[in-house]
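All residue numbers for the sequence shown refer to our numbering, where the first residue is 3 and numbers rise by one. Using N, Cα and C, we set each Cβ at its ideal position, and we do this for glycine too.
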Amino acid sequence: MLDYTVIWDLDDDPDGNVAHCAEHDVSEDEVEEVLENASDADCSRSSGRPVVFGETSDGRHLMVVFEIIHAEMIYPITAYDVPRRHRS
């Protein structure tokens, strides 16, 4: 269970986070699954926003880009499939 609220825009908002994730065939449930069970975290090289990496229950490895609104609210920006990271 998430310790914070995930903020989603309306499904029909073409500039919203639901649409941005859907462009990569990622559902809201998959985003929340990765946020809840992230295996790694970093900072986006392009935007400077925080990102997390994780697997969905069906084996997809996703990166979720998000903003922290405050300690109890997260706003996902987008999410997409990425190769697994190998840290040394």
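* Leaving out five residues on either side along the sequence, give the residues of the same chain with a beta carbon under 8 Å from the beta carbon of Ser-49. => Val-67, Ile-79
* Asked: Under the rule that 16 or more other beta-carbon atoms within 10 Å means buried, what is Gly-61, buried or exposed?
  -> exposed
* Asked: Among residues of its own chain, excluding the 5 on either side of Thr-58, which ones have a beta-carbon nearer than 8 Å to its beta-carbon?
  -> Glu-32, Glu-35, Val-36, Leu-64
* In three-state DSSP terms, what is Val-28? -> coil
* To do: Using the Cα positions of Thr-7 and Glu-74, report the straight-line distance between them to the nearest angstrom.
  => 6 Å
* To do: From the DSSP output, in three-state form, read off Glu-74 for me.
  => Three-state DSSP puts Glu-74 in coil, outside helix and strand.
* To do: Could you check if Ile-76 is buried or exposed, using at least 16 other CB atoms within 10 Å of its CB as the buried criterion?
  => buried
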